[in-house]
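Under this note's numbering, the first residue of the sequence shown is numbered 23, with each subsequent residue one higher.
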Amino acid sequence: MKADFHLHTSDCPKDSVGHSPQRLIDHAAALGFEILAITEHEFFSFNMDVVAYAHGKGILLIPGVEAEIEKKHVIILNATEEAASLRSFDDLRSYKQSHPLSFILAAHPFYLAEKCLGDELERNIGLFDGVEYSHFYSPWLNSPNKKAAAVAAKHDKPLIGTSDAHLLVQVGRTYTLVDAEKNVDAIITALKQRKIQLVTTPFSFLACLWIIARLMFSNKLHDGNRRCGNRR
């Protein structure tokens, strides 16, 4: 089954994303996806109306969140609401112990942004069940993913392809094929057992620049709207 485990929508209070969960689901269904995880920043958005909508489109939604752990981004799959409030690696360790059917994914660990894990990934490698292979690269610029792949191989961790989509155009270039029954526990088990295949196609360099420009504009607009709201 075709899966994407790192996606954002307009439900996220910390981002300016133009598409609703339903619009994302429609788009993903048209591309043949059967498994999605909507992972908003520090916000648990698992909504049963959206789950039902996805089911009607042949898609299984997995509850997820993109937590901020000591100012670093970490994806938690098969998450509960409390996952959104985790703040430290100690918090994450306790959560993992009490939720053994969760899957902790190192999000885009070696990109240049301050909130990427960087060296914290290997310092805390025992907490992570997998390492993300990001969609955002071109044929001539892919060193962050190459380093992620090397660390995953060194520590015997599965490499999980995702889109981290804030724009619909980002969906469908990098994803994961999962060999499992279509239920959450079976999918999490398949990820841990590497019953998966990474599928990835680079963007052109110009497409990468266009995505950066769109995201920067959206974030600037979001920040401006938030400041206006604060003044009110």
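Glycine included, each C-beta is placed from N, C-alpha and C at the ideal position.
- The alpha carbon of A59 has as its nearest neighbour, out of K217, E144, I97 and G80, the alpha carbon of I97.
- Between Y155 and G183, the C-beta gap is smaller than 7 Å, which places the two residues in contact.
- Shown here, H188 sits in coil according to DSSP, grouped into three states, outside any helix or strand.
- In the DSSP assignment, E144 falls within the alpha helix (DSSP H) that extends over E142 to R145.
- Taking the Cα positions, N167 is about 30 Å away from Q44.
- Looking at H95, A171, A52 and T102, the one whose alpha-carbon comes closest to that of S120 is T102.
- Following the DSSP letters along the chain, one finds L134 in no alpha helix (DSSP H), marked with neither H nor E.
- Cβ-Cβ separation between T198 and A52: approximately 18 Å, too far for a contact (criterion under 8 Å).
- Here H95 is near E88, since their CB atoms are less than 7 Å apart.
- Between F125 and K214, the beta carbon gap of about 7 Å places them in contact (Cβ cut-off 8 Å).
- Positions of the beta strand (DSSP E) runs, each at least 3 residues long and wholly inside the segment 194-228, are given as 196-200 and 218-222 in order along the chain.
- Following the DSSP letters along the chain, one finds A50 in no beta strand (DSSP E) but inside the alpha helix (DSSP H) bounded by residues P43 to A52.
- Taking the Cα positions, H157 is about 24 Å away from A106.
- Cβ contact annotation for F65 (same chain, cutoff 8 Å, sequence separation greater than five): D33, C34, P35, K36, V87 and A106, in chain order.
- In the structure shown, K24 falls within a strand segment according to DSSP collapsed to helix, strand and coil.
- The C-beta distance from V191 to I218 rounds to 24 Å, too long to meet the 8 Å contact threshold.
- DSSP places S156 in the strand class (E or B) of the three-state scheme.
- Each residue's CA atom was taken as its position, placing A174 and A135 some 20 Å apart.
- Residue pairing by DSSP puts V96 in a beta bridge opposite A89 and A128.
- As computed with DSSP, L58 is found in a beta bridge with D26 and L83.
- For L108, the three-state secondary structure derived from DSSP is coil.
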